[in-house]
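Residue numbers (the numbering used here): 4 to 366.
Set out below in structure tokens:
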């Protein structure tokens, strides 16, 4: 059954967004090669380096001080300075942590946790280790790419309000009200917020652009099944995943949903870390026949060992950072990328296999 976003204000409809999309595919064949890279050259280090032996639910870095913050699966918080030992932050445990959304600098982080279906969203301040809870009914958040502001979706009955909270002025501004199920937010440029829905292969969904000044919406992606997108930090491109009963495709797209390049492998955008020209992705060596993505991944049904692949979005070249056909952890375990991020020439990630934090040299 189709999920429909019902807009309660005037919508600016933009036609022809897909015009010229296939222009970018001239130099590529029609076949999408699944989970096969064009070269098998190994670059970087031979195996990941263990950074934290604790089982983690999430982490982030305060880039101002090069301090890493960690939340364990038991709800304990740790602070790890660049050249020091990790120290536990005393306080109430952050139980059942689901996702961590750090601000651009890492000074703040929204932590989504709790046992209820919706859970709780609360902002952690790395300067004084205090918390600012977001309103009950909050379902999604995203940080401004530049300022210390956050956009959040607050549900009240059948209506969801999109609001912006400024951490400097402590003021909240309502942008728009609409009806949407399971919203996902992305704030990629200063005046534009992207709004989509929880991805599933079982129903098509769309991506909308919200102008926060004009308070108008326009469609960018219409009715695509399995739709999941991860945007580069500057909003210049994104990785889009779509799936149907016949195939699953990962592609680099422009902000107008023009296809720039199709990946020669299958994985989810959530398993990739992006620079201006590169994507570093965890790529399953093989997928079980009948796997339904992205649903099976989010439900924990995908247990395949992974390669880490560096994909050059300009040239299309791919290189393996690991040889995934052999055990690469000291205990003989496998790699499954989760929560990837880039810090200098290191790819940091939580390994789904053991929930520990690792780094991998990428240059």
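Even for Gly, the Cβ is constructed at its ideal location relative to N, Cα and C.
Please read these numbers as outputs of a predicted model, since none were measured by experiment.
Residue i, DSSP secondary structure in three states
| i | result |
| --- | --- |
| residue 3 | Any property of residue 3 remains undetermined from this structure, which presents the chain solely from 4 to 366. |
| residue 298 | helix |
| residue 110 | coil |
| residue 350 | strand |
| residue 342 | strand |
| residue 1 | With the chain represented from 4 up to 366, any question about residue 1 goes unanswered, as that position is not in the structure. |
| residue 48 | Low confidence applies here, because residue 48 scores a pLDDT of 46, under 50, leaving its location unreliable and the question unanswered by this model. |
| residue 69 | coil |
| residue 132 | coil |
| residue 64 | strand |
| residue 225 | strand |
| residue 153 | strand |
| residue 244 | strand |
| residue 259 | coil |
| residue 4 | Annotation note: pLDDT 39 at residue 4 (below 50); position unreliable, coordinate value reported separately. In the structure shown, residue 4 sits in coil (DSSP, three-state: anything other than H, G, I, E or B). |
| residue 123 | strand |
| residue 199 | strand |
| residue 186 | strand |
| residue 305 | coil |
| residue 41 | Here the model assigns residue 41 a pLDDT of 44, short of 50, so the residue's position is not dependable, and the following value carries that caveat. Residue state, collapsed to three classes: coil. |
| residue 204 | coil |
| residue 291 | coil |
| residue 54 | strand |
| residue 59 | strand |
| residue 253 | strand |
| residue 137 | coil |
Whole-number beta carbon distance between residue j and residue i, since they are thought to touch under 8 Å
| i | j | result |
| --- | --- | --- |
| residue 59 | residue 76 | 7 Å |
| residue 66 | residue 125 | So it is not a contact: roughly 21 Å between Cβ atoms. |
| residue 362 | residue 105 | With a Cβ gap of about 17 Å, residue 362 and residue 105 do not count as contacting. |
| residue 297 | residue 229 | 6 Å |
| residue 191 | residue 238 | 3 Å |
| residue 251 | residue 244 | 7 Å |
| residue 145 | residue 188 | 4 Å |
| residue 103 | residue 112 | 5 Å |
| residue 360 | residue 129 | That pair is no contact at about 18 Å. |
| residue 180 | residue 164 | 5 Å |
| residue 152 | residue 131 | That belief does not hold up - the Cβ atoms of residue 152 and residue 131 are roughly 19 Å apart, past 8 Å. |
Terminal residues of the beta strand (DSSP E) in which residue i lies
| i | result |
| --- | --- |
| residue 168 | 162-169 |
| residue 231 | 231-234 |
| residue 262 | 262-265 |
| residue 356 | From DSSP, residue 356 is part of no beta strand (DSSP E); its letter is neither H nor E. |
| residue 193 | No beta strand (DSSP E) contains residue 193, which DSSP labels as neither H nor E. |
| residue 144 | 141-146 |
| residue 287 | 281-287 |
| residue 214 | 207-214 |
| residue 312 | 309-315 |
| residue 178 | 175-182 |
| residue 118 | Careful: residue 118 lies outside any beta strand (DSSP E) and carries neither H nor E. |
| residue 364 | 360-364 |
| residue 323 | 321-323 |
Whether residue i touches residue j by CB criterion (9 Å)
| i | j | result |
| --- | --- | --- |
| residue 202 | residue 231 | yes |
| residue 258 | residue 269 | no |
| residue 156 | residue 123 | no |
| residue 282 | residue 246 | no |
| residue 308 | residue 262 | no |
| residue 193 | residue 149 | yes |
| residue 186 | residue 195 | no |
| residue 176 | residue 167 | yes |
| residue 319 | residue 233 | no |
| residue 142 | residue 121 | yes |
| residue 365 | residue 354 | no |
| residue 284 | residue 305 | no |
| residue 344 | residue 276 | yes |
| residue 118 | residue 98 | yes |
| residue 272 | residue 321 | no |
| residue 224 | residue 242 | no |
| residue 369 | residue 62 | Because the chain here runs from 4 to 366, residue 369 falls outside it and cannot be looked at. |
| residue 70 | residue 82 | yes |
Subject >> beta strand (DSSP E) runs contained entirely in the segment 73-108, provided each spans 3 or more residues >> reply: The qualifying runs are 80-83, 90-92 and 102-105.
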